[in-house]
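Student: Attaching a single structure in structure tokens format; questions to follow.
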Amino acid sequence: MNPSENTLPTISDDLLLQCMHCGMCLPTCPTYVLTKRERSSPRGRIRLIKSMAEGKLNFTHEFITEMNFCLDCRACETACPAGVHYGRIIEETRRVIAETTKISYKTRILRRLFLTGLFAKQKRLQLLARVVRFYQKTGMEWFVLKFNLTGLFSKKLKQIAPLSPKISAKFTKQLLPEFLPAHGETKYKVALLTGCVQDIAFAETNLATAEVLVRNNCDVYIPQNQACCGSVHAHTGAVELAKKNLLHNCAAFYIDTIDALIINAAGCGSFLKESGEIFSLAEDAVAIKKLASKTRDISEFLCEINFRKPEAHLDLIVTYHDACHLAHGQKIRSAPREIITSINGVILKEMRESDWCCGSAGVYNITHTETANKLLDRKIRNIQSTNAEIIISANTGCSIQLAYGIRTSGSQLKIMHPIDLLWRAYQAEERNE
Ligand code: SF4
Ligand code: SF4
544 MNPSENTLPT ISDDLLLQCM HCGMCLPTCP TYVLTKRERS SPRGRIRLIK SMAEGKLNFT
604 HEFITEMNFC LDCRACETAC PAGVHYGRII EETRRVIAET TKISYKTRIL RRLFLTGLFA
664 KQKRLQLLAR VVRFYQKTGM EWFVLKFNLT GLFSKKLKQI APLSPKISAK FTKQLLPEFL
724 PAHGETKYKV ALLTGCVQDI AFAETNLATA EVLVRNNCDV YIPQNQACCG SVHAHTGAVE
784 LAKKNLLHNC AAFYIDTIDA LIINAAGCGS FLKESGEIFS LAEDAVAIKK LASKTRDISE
844 FLCEINFRKP EAHLDLIVTY HDACHLAHGQ KIRSAPREII TSINGVILKE MRESDWCCGS
904 AGVYNITHTE TANKLLDRKI RNIQSTNAEI IISANTGCSI QLAYGIRTSG SQLKIMHPID
964 LLWRAYQAEE RNE
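In this text, residue positions in the sequence shown follow the working numbering: the first is 544, and each later residue adds one.
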């Protein structure tokens, strides 16, 4: 079907009519602040989507470009006094675009390779990760980047090659068994989502999450047959694949028997919590709603159960980056800060614009690298002005993007998850430091 023949009839009027066009969201929107264009603001995009849905505007290439220019960071939702569910609107719009737009053969192959080839099978992702680790550890990556060899193939490859995360030496299943019993009395039974990129780039954070949980009276299940949460599929319009992963995980995590499904990557947690609403009309809505209702971010869960404060002293100055899908998506801001400041000797220095997107935004740093880099430069400047030695980030994509920003700025800053820090404090306590 030709895009110009389409409208967007399936976007709910209830979602679109909530916007009263007040403009309170504009100063918080990174794409508006960068361009000063109304059509690149939340209000402008909602107007465009509404006009499309009403058949007043053609479904054009420019329209699709504008929808893809949005970061889906949801800062506008936090600012909006009318409670507009902007994330739902943009994701619904992208779904309709994916369903109704003709895409080139090359794009279709790449999408299939990416969504069903890599992100549907963790073993394949791990195999690719091992190849990338070999490339990184043998110095080939250094050589290729130093002499700009990727630029010989394409400008895009040259832009995105340095974004690659450092691959973990061991993945989660080599670090953790499928079950870890609570230290002492069992009060909670929880399962841990190990993630897809999280598993290959931040497996140590998965280890830290499980170790912290067992020290807080939790039996922890880490099933090896778990699948990707499905967010990468849903955000790219492949909702059926996302639903398949959700249903697989309902069974893999024995969702009826656990108290909570623990997530340490904000993007996955945000999607899982909203999946009950997104798939409310699906045949299997009951199971998905149960999965959604049991999903907890690790910081949120630890604060809910009144986690044990460590006794050790760590002499550190840190700053905290609010991941969009934690602060704006899940409205979780105080729990990670509570964990950080519970550790004796740790000083939290707040940065300016801590909840301003770092440019990672799913695959945005790959698809819109120049805009993402502008946001990253702004974030790194704000981080450096705190003089902290560690940046705390609770989202996989943000941590990868921030690591890239740190490397290119020549800074010595380190990145940690709040749970890495808490685990370090527990370990120091156990060594009697
Ligand atoms: S999601 Fe982010 S980039 Fe998109 S309109 Fe809202 S504030 Fe702007
Ligand atoms: S703040 Fe909310 S109601 Fe106001 S223009 Fe933005 S989205 Fe619409």
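We put the CB at the ideal spot given by N, CA and C, even for glycine.
Check whether the region 696–704 and the region 723–739 are in contact - that is, three or more C-beta pairs closer than 8 Å.
Tutor: The region 696–704, when compared against the region 723–739, does not touch it at the 8 Å Cβ threshold.
Student: Does the beta carbon of Asp615 fall short of 7 Å from some heavy atom of ligand 1?
Tutor: Here residue 615 refers to the residue found at position 72 when the sequence shown is read from its first residue. Result yes, Cβ under 7 Å from ligand 1.
Student: In this structure, what does DSSP give as the bridge partners for Leu735?
Tutor: Walking along the sequence shown from the start, residue 735 turns up at place 192. According to DSSP, Leu735 bridges with Ile805.
Student: In whole angstroms, give me the CA-to-CA distance for Ser897 and Leu918.
Tutor: Residue 897 sits at position 354 when you count from the first residue of the sequence shown. Residue 918 sits at position 375 when you count from the first residue of the sequence shown. The alpha-carbon atoms of Ser897 and Leu918 are separated by roughly 12 Å.
Student: So, using beta-carbon positions, are Phe926 and Leu956 closer together than 8 Å?
Tutor: Stepping through the sequence shown from its first residue, residue 926 is reached at position 383. Stepping through the sequence shown from its first residue, residue 956 is reached at position 413. Rather than Phe, the amino acid found at residue 926 in this sequence is Ile. Yes, the pair counts as a contact, with Cβ atoms nearer than the cut-off.
Student: Is the region 577–593 touching the region 838–854 in the sense that three or more CB pairs, one from each, lie closer than 8 Å?
Tutor: The answer is no - the region 577–593 does not touch the region 838–854, with fewer than three Cβ pairs under 8 Å.
Student: Under 8 Å Cβ to Cβ from His864, same chain only, skipping five residues before and after it: list those, please.
Tutor: By one-based count along the sequence shown, residue 864 stands at place 321. Cβ within range, chain order: Met894, Ser897, Cys901, Lys922, Ile926, Ile934, Ile935, Ser936, Cys941, Leu945.
Student: In the structure shown, what three-state DSSP assignment does Ser774 receive?
Tutor: As a first step, residue 774 is located in the sequence shown; it is residue number 231 there, counting from the start. In the structure shown, Ser774 sits in a helix (DSSP, three-state: H, G or I).
Student: Per DSSP, what kind of secondary structure is Phe686 in: helix, strand or coil?
Tutor: Taking the sequence shown and counting its residues from 1, one reaches residue 686 at position 143. Correct three-state label for Phe686: helix.
Student: Return yes when the C-beta of Cys772 is under 7 Å from any heavy atom of ligand 1, and no when it is not.
Tutor: Walking along the sequence shown from the start, residue 772 turns up at place 229. Answer for Cys772: no, Cβ out of range of ligand 1.
Student: Enumerate, from N- to C-terminal direction, the unbroken beta strand (DSSP E) stretches of 3 or more residues contained entirely within the region 817–859.
Tutor: If we require 3 residues or more, the beta strand (DSSP E) runs fully inside the region 817–859 come out as 838–840.
Student: Under DSSP, the alpha helix (DSSP H) around Tyr678 begins and ends at which residues?
Tutor: To locate residue 678, count along the sequence shown from 1; it is residue 135. Its alpha helix (DSSP H) spans residues 665–680.
Student: Kindly list the residues whose CB is nearer than 7 Å to the CB of Asn908, restricted to its own chain and excluding five residues on each side of it in sequence; keep chain order.
Tutor: The residue you call residue 908 lines up with position 365 of the sequence shown. Excluding residues within five positions, the ones whose Cβ falls inside 7 Å are Leu706, Gly902, Ala915, Gln944.
Student: Nearest-angstrom Cα distance between Pro552 and Phe602?
Tutor: Counting from 1 along the sequence shown, the entry for residue 552 is found at position 9. Counting from 1 along the sequence shown, the entry for residue 602 is found at position 59. Per-residue confidence for Pro552 stands at a pLDDT of 43, beneath the threshold of 50, marking its modelled position as unreliable; the derived number appears in the next sentence. The alpha-carbon atoms of Pro552 and Phe602 are separated by roughly 11 Å.
Student: Of the residues Leu569, Arg631, Pro766, Glu932, which one's Cα is nearest the Cα of Ile949?
Tutor: Looking up residue 949 in the sequence shown gives position 406. Considering only alpha carbons, the answer is Glu932.
Student: According to DSSP, simplified to helix, strand and coil, what is Thr644?
Tutor: Position 101 of the sequence shown holds residue 644. Of the three classes helix, strand and coil, the one that applies to Thr644 here is coil, per DSSP.
Student: Taking the straight line between their C-alpha atoms, what separation do you get for Phe606 and Glu597?
Tutor: If you number the sequence shown from 1, residue 606 lands on position 63. If you number the sequence shown from 1, residue 597 lands on position 54. Their backbone Cα atoms lie some 14 Å apart in a straight line.
Student: Pick helix, strand or coil for Tyr907, following the three-state DSSP scheme.
Tutor: Locating residue 907 in the sequence shown gives position 364, counting from the first residue. If DSSP states are grouped into helix, strand and coil, Tyr907 belongs with the helices.
Student: Spell out the partners DSSP gives Val755 in its beta bridges.
Tutor: For the purposes of this step, residue 755 is identified with residue 212 of the sequence shown, where counting begins at 1. In the DSSP output, where bridge partners are listed per residue, Val755 has none listed.
Student: On the criterion of 16 or more Cβ atoms from any shown chain inside 10 Å, does Phe714 qualify as buried, or is it exposed?
Tutor: Within the sequence shown, residue 714 is the residue found at index 171, counting from 1. Burial call: buried.
Student: Do Ile765 and Ala753 come within 8 Å of each other at the CB atom, strictly closer than that value?
Tutor: Here residue 753 refers to the residue found at position 210 of the sequence shown. Here residue 765 refers to the residue found at position 222 of the sequence shown. In contact: Ala753 and Ile765 (Cβ atoms closer than 8 Å).
Student: From Val889 to Ile882, what does the alpha carbon distance come to, in whole angstroms?
Tutor: To locate residue 889, count along the sequence shown from 1; it is residue 346. To locate residue 882, count along the sequence shown from 1; it is residue 339. Approximately 10 Å between the Cα atoms of the pair.
Student: Would the C-beta of Ala618 count as close to ligand 1, meaning under 7 Å from any of its heavy atoms?
Tutor: Here the question's residue 618 lines up with position 75 in the sequence shown. Checking the Cβ of Ala618 against ligand 1 gives yes.
Student: Mapping DSSP to helix, strand and coil, what is Asp557?
Tutor: What you label residue 557 is simply residue 14 of the sequence shown in a count that begins at 1. Note: Asp557 maps to helix in three-state DSSP.
Student: Drop a sphere of 10 angstroms on the beta-carbon of Met959, count the other beta-carbons inside from all chains shown, and report buried for 16 or more, exposed for fewer.
Tutor: Against the sequence shown, residue 959 aligns to sequence position 416. With 16 or more Cβ atoms within 10 Å of its Cβ, Met959 is classed as buried.
Student: According to DSSP, simplified to helix, strand and coil, what is Gly812?
Tutor: As a working mapping, residue 812 is identified with position 269 in the sequence shown. Looking at Gly812 - three-state DSSP - the assignment turns out to be helix.
Student: Buried or exposed: Gly630, going by 16 or more other Cβ atoms within 10 Å of its Cβ?
Tutor: Taking the sequence shown and counting its residues from 1, the one referred to as residue 630 is at position 87. Burial call: buried.
Student: Excluding five sequence neighbours on each side, which residues of the same chain lie with their C-beta closer than 7 Å to the C-beta of Leu577?
Tutor: Position 34 of the sequence shown holds residue 577. If we look at Leu577 and ignore the five residues flanking it on each side, its Cβ neighbours are Thr914, Lys917.
Student: Indicate the three-state DSSP secondary structure (helix, strand or coil) for Ser952 in the structure shown.
Tutor: Locating residue 952 in the sequence shown gives position 409, where the first residue counts as 1. In this structure, Ser952 counts as helix in the three-state DSSP scheme.
Student: Should Ala704 be listed as close to ligand 2, given that the test is whether its C-beta is under 7 Å from any heavy atom?
Tutor: For the purposes of this step, residue 704 is taken as residue 161 along the sequence shown, with counting starting at 1. Not under cutoff, so the answer is no.
Student: Going by beta-carbon coordinates alone, are Gly872 and Cys811 separated by less than 8 Å?
Tutor: By 1-based counting over the sequence shown, the position of residue 872 is 329. By 1-based counting over the sequence shown, the position of residue 811 is 268. It is not a contact, given that the beta carbons lie outside the stated cut-off.
Student: Which first and last residues belong to the alpha helix (DSSP H) in which Lys701 is found?
Tutor: Mapped onto the sequence shown, residue 701 falls at position 158. 698–703 is the extent of the alpha helix (DSSP H) around Lys701.
Student: Say yes only if the C-beta of His628 is nearer than 7 Å to one or more non-hydrogen atoms of ligand 2, and no if none qualify.
Tutor: Mapped onto the sequence shown, residue 628 falls at position 85. No - ligand 2 has no heavy atom lying nearer than 7 Å to the Cβ of His628.
Student: DSSP has Thr977 in a bridge; who is on the other side?
Tutor: Residue coverage of the chain in this structure runs from 544 to 976, which leaves residue 977 outside it and unanswerable.
Student: So, Leu804 versus Arg839, is the Cβ gap smaller than 8 Å?
Tutor: Translated into the one-based positions of the sequence shown, residue 804 becomes position 261. Translated into the one-based positions of the sequence shown, residue 839 becomes position 296. Their beta carbons are under 8 Å apart, which means Leu804 touches Arg839 by this criterion.
Student: Looking at the unbroken beta strand (DSSP E) that takes in Tyr764, where does it start and where does it end?
Tutor: As a first step, residue 764 must be located in the sequence shown, where it is residue number 221. 761–764 is the extent of the beta strand (DSSP E) around Tyr764.
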